[in-house]
Amino acid sequence: SPKFKYSKAFRAKKAEGKAESTFQLISPDLVEDTPKGQLPIRAADGRQSWTTYAGKFDKSDRRPRISIVVVNLGLSRPMTEAVIENLPPEVSLSFSPIAPANNIKSLSRLAREKGHEIYLDLPLEPTGYPRDDPGPKTLLSSLSAVENLNRLEWVLTRGGGYVGVVIEMGDKFTVVKEAMMPVLQYLKERGLFLIDSRASSRS
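In case it helps, our numbering puts the sequence shown at residues 31 to 233.
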């Protein structure tokens, strides 16, 4: 794994034990409180998370561009802090929903402050499940739409200030239209973006 180095300013900030940043991670009109936790919603004026929280880039530059997304963050706090500190803001970051919730939210705030666009990993059923297991709340093609949407909501309550989700594994789930379409519709209704990792060419 790469050896990251913290900047002097970053180390000094940690050493001083400063209070948590006052940066507003979540826009109050883009979230609703539910019994499960906070879930993103479309604002009354039509604003959506995927555009409101989107990373900044020069739209006048018409050259081809690529997107880089680093996934599975938040499980190791020191490594995630190093990623945030050392990678340029143009690199997007996606947090694992099974990471500690306080890690996800505090590190998401730090990432957004640094200019990164952020996502949550969405664990979907792979062909080798349960031998290959993305996590305890994996969406499964054998479950009902209601059960899968309940799992999706759990994932979405784990963080805040994200533009959408990145599919983790999922080469079995994404080819089952009856399983995938309710998920896509739900994300659209919530104003969220989805990155298909294309684990299957038949997704």
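All C-beta atoms, glycine included, are put in the ideal place defined by N, C-alpha and C. Quick caveat: nothing in here was measured; it's all calculated off a predicted structure.
(Q) In whole angstroms, give me the CA-to-CA distance for A131 and T187. (A) For this step, residue 131 is matched to residue 101 along the sequence shown. For this step, residue 187 is matched to residue 157 along the sequence shown. C-alpha separation (whole angstroms): 9 Å.
Q | Assigned exposure category for T168 - 16 Cβ within 10 Å defines buried | A | Here residue 168 corresponds to residue number 138 of the sequence shown, with the count starting at 1. It counts as buried.
**Q.** P65 to D91 span [Cα, whole Å]
**A.** As a working mapping, residue 65 is identified with position 35 in the sequence shown. As a working mapping, residue 91 is identified with position 61 in the sequence shown. P65 and D91: Cα-Cα distance of roughly 44 Å.
Q) So, is V195 buried or exposed, given that buried needs 16 or more other C-beta atoms within 10 angstroms? A) Position 165 of the sequence shown, counted from the first residue, corresponds to residue 195. Result: buried.
Q: Decide yes or no for the touch test of the stretch 157–177 against the stretch 109–121: beta carbon pairs closer than 8 Å, at least 3 of them.
A: no
Q) Do you know offhand how far P153's Cα is from K89's? A) Along the sequence shown, read from residue 1 onward, the residue named residue 153 stands at position 123. Along the sequence shown, read from residue 1 onward, the residue named residue 89 stands at position 59. Near 32 Å, if we compare the C-alpha coordinates of K89 and P153.
**Q.** Which of helix, strand or coil DSSP assigns to T110
**A.** For the purposes of this step, residue 110 is identified with residue 80 of the sequence shown, where counting begins at 1. Of the three classes helix, strand and coil, the one that applies to T110 here is helix, per DSSP.
Q) Looking at the unbroken alpha helix (DSSP H) that takes in T64, where does it start and where does it end? A) Taking the first residue of the sequence shown as 1, we reach residue 64 at position 34. Careful: T64 lies outside any alpha helix (DSSP H), inside the beta strand (DSSP E) at V61 to T64.
Q) Can you round the beta-carbon distance between I148 and S122 to whole angstroms, since I take them to be within the 8 Å contact cut? A) One-based indexing of the sequence shown puts residue 148 at position 118. One-based indexing of the sequence shown puts residue 122 at position 92. The Cβ separation is near 7 Å, so the contact holds.
Q) Taking the continuous beta strand (DSSP E) assigned at L123, which residues delimit it? A) Within the sequence shown, numbered from 1, the residue matching residue 123 stands at position 93. Segment S122 to F125, the beta strand (DSSP E) holding L123.
Q.
Short of 8 Å in beta carbon distance, which residues of its chain neighbour L137, apart from the five on each side in sequence? Order them along the chain.
A. In the sequence shown, residue 137 corresponds to position 107, counting from 1. Here the set comprises L103, G104, R107, T110, E111, I114 and F125.
**Q.** Cut-off 6 Å between Cβ atoms - residues of its own chain near I56, not counting five sequence neighbours on either side
**A.** The residue you call residue 56 lines up with position 26 of the sequence shown. Excluding residues within five positions, the ones whose Cβ falls inside 6 Å are G190 and G191.
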